[in-house]
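Remarks on the structure that follows.
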Amino acid sequence: MLLAGAMASDPKPRVRFAPSPSGYLHIGGARTALFNWLWARKLGGSFVLRVEDTDQDRSSMESVQAILDAMRWLGLDWDEGPGVGGPHEPYFQSDRKAIYRQHCEQLISEGKAFRCYCTKEELDAQRAALKAENPKAQFKYPGTCRDRGDQPDLPHVVRFKAPTEGSTAFDDKVFGIIDTPNKEQQDFVIMRRDGLPLYNFAAVIDDHLMDINLVARGRDHIGNTPHQIMLYRAFGWEPPDFAHLPMMLSPKGEKLSKRHGHVAVQDYEARGYSPMGVLNYLARFGWSFGDQEIFSRQQLIDAFDWTRVNRGDGKFDDKKFADVNFEHLKQPELTDDDAYVARVKPFLEEAGLEHDEVRVRAALPLIRERARDFRDAVNHLDFYLREFPVMDEKAQRKFLVADNAEHLQAFRDHFASFAPWPSDVGQVEPMNEALKSWLEGTGRSMKQVAQPVRVALTGRTASPGLFEVMSVLGRERSLARLDRAVELCRAGG
RNA sequence: GGCCCCAUCGUCUAGCGGUUAGGACAUCGGCCUCUCACGCCGGUAACACGAGUUCGAAUCUCGUUGGGGUCACCA
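For the first sequence, the tail end lands on 499 under the numbering used here, and the numbers increase by one without skipping.
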């Protein structure tokens, strides 16, 4: 057995992500891109983006755009590829047809590939006949056209003369040595009838021409690897290293697809996830670093290593994902105030809320420990940003009643003269003290007062501490809300 | 079915011959408390099974079972 990839030297990695633009950026694809990107960034290598759009029926420019947008949103920048160019242009396979044709001709002239004139129908018929005779038999292309004369004018596909003796092995950076008997192979098609290359052929040529020295992709490509290695050898090229990643399965263990909910990166963007929240969850899926769960972008780059990538497939867990994202929103070290404000802004606009940046920043410490994503943050921000809060009907009925008017009025009057009014949520302690002594002095209980005040200020029964809210709202707005609540109590009661 | 791969709490995982099998999410209690949240403390919960190797296996070998991938003129 000839072992590919075993003794590759260790130059700067040149890795690639090669999506097929037939939809959106799949969450599993994003992880593949991430691992490649991390490796390139860690070692100062290059991350190449190549668009595999040879199947014109399934590819679209909208899809290319969606994928590039998602990559940019995640911050997975590429050193070569669409938009940035590079020394190995073009980076769209649909612009490289001449290259594939030329290499195909080379293999044919060297006797390593041949034109096959069999039609799909003929092959199907042969397969059916074999099945009829022996249901368990495995149909393989019988080599009908292997030694038939070359007739380029006839409609044909081009097949690679695959070896049938021995085996093809490679040393995977994740799975170790994978050895596949060649007798399993058949003369596979490298060029379609319409002259367009098939995946295995185009990928090999591009990876070689683009100097890719490590191909990292999903485990579903393991079976393609022997084919590709055969092609490298046929061309006399050194195969790159390979690293295959375990699969991301649905919570039920099935292949992850749209029916399982959110699988497109853009779905998470729309839900208000943070790019680093997404990246962090994906990084920890099939890879670990001791007990560490939360990573900044730089920590990920520093810590990433193929030796810590696992082999077992995993099941997707939305709850864990949400929590990792939450962790990134909570910690200012991971999402600083500027980033937070910038990310939440479009969601505020979408909700039609006034984007009062000063007040948003003032409320941020309160929001951070409550909002699980930026969309959720808008909900928590809502009552700070309106003139008056939207009253929750049940809350109003229960707490803004005649009996509470007096408590609210007294609270309002007492704190109207309080000075200094806290300008920061961290400065509310004096007000808390004042509240306690006021309650004692007037014979009121916290229970009697707190919830009515809360509803008055926020329109809700759940919110941050009373004085934290008041410090964000400011004196005037707070008092106005209390006044309005007193009116509501009297009118409603 | 052929070939390939995988197997630790429900989930993501640590473990790389000797551990009370650890962490995180989820879940269940409790503390904190003006509500919510954060935070803190604690509980339930795993080595798929069977043979070996070894003084000693979650760790090594083989088998069984289970799961996944792949067998296109898709990628």
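Ideal placement from N, C-alpha and C gives every residue a C-beta, glycine not left out.
Source: prediction; values computed, not measured.
For the set L463, P148, R107, the Cα lying nearest the Cα of T60 is the one of R107. L80: member of the alpha helix (DSSP H) spanning 67 to 80, first to last residue. Taking 8 angstroms as the cut-off, the beta carbon of P395 is found closer than this to the beta carbon of R487. Counting only runs of 4 or more residues that sit fully inside the stretch 379 to 446, the alpha helix (DSSP H) segments are 380 to 387, 399 to 405, 408 to 422, in chain order. Here N219 is buried. Its C-beta has 16 or more other C-beta atoms within 10 Å.
The C-alpha of T186 is placed about 12 angstroms away from the C-alpha of M236. Here the C-alpha atom of L31 lies approximately 22 angstroms from the C-alpha atom of F353. For F248, DSSP records a beta bridge to V221. In this structure, the CA atom of D153 is about 15 angstroms from the CA atom of V163. For D101, no beta strand (DSSP E) encloses it, and the DSSP letter there is neither H nor E. In terms of Cα proximity to G172, the closest of Q433, Q191, P426 is Q191. Collapsing the DSSP output to three states places A119 in a strand. Distance from A104 to I196 at the Cβ level is roughly 15 angstroms; contact not present, criterion being Cβ atoms closer than 8 angstroms. For A377, there is no enclosing alpha helix (DSSP H), since its DSSP letter is neither H nor E. In the structure shown, R314 adopts helical secondary structure according to DSSP, grouped into three states. In this structure G296 is exposed. Its beta-carbon is surrounded by fewer than 16 other beta-carbon atoms within 10 angstroms.
Assignment of Q298 by DSSP, reduced to helix, strand and coil, places it in the strand class. If you draw a straight line from the Cα of L160 to the Cα of P203, it is about 18 angstroms long. The Cβ neighbour count for P88, taken over all protein chains shown within 10 Å, is at least 16; the residue is labelled buried.
Within the stretch 472 to 497, the runs of alpha helix (DSSP H) at least 4 residues long that lie entirely inside it are, in chain order, 472 to 479. For the pair of segments examined, the stretch 362 to 369 was found not to touch the stretch 312 to 322: the number of CB pairs separated by less than 8 angstroms stays below three. Residue range 33 to 49 is occupied by the alpha helix (DSSP H) that includes T38. If you draw a straight line from the Cα of G283 to the Cα of A222, it comes to about 22 angstroms. Here the stretch 166 to 181 does not lie against the stretch 121 to 140, with fewer than 3 beta-carbon pairs under 8 angstroms apart. Taking every protein chain shown into account, the CB of D311 has fewer than 16 other CB atoms within 10 angstroms, so this residue is exposed. Distance from the Cα of P148 is smallest, within the candidate group H109, I114, F194, G155, for F194.
By the CB criterion at 8 angstroms, D382 and G471 fall outside the cutoff. A contact is defined here as three or more CB-CB pairs under 8 angstroms, and the stretch 398 to 405 fails this definition with respect to the stretch 427 to 445.
Here A348 is exposed, its C-beta having fewer than 16 other C-beta atoms within 10 Å. Here I211 carries a helix assignment [DSSP, helix/strand/coil]. CA-CA distance, E128 to Q157, rounds to 18 angstroms.
Secondary structure at K18: coil, using DSSP grouped into helix, strand and coil. Secondary structure of P281 (DSSP, three-state): helix. Of the residues R392, L82, L49, H233, the one whose Cα lies closest to the Cα of N286 is L82. Beta-bridge pairing by DSSP links W293 to V315.
With at least 16 other beta carbons inside 10 angstroms of its own, D212 counts as buried.
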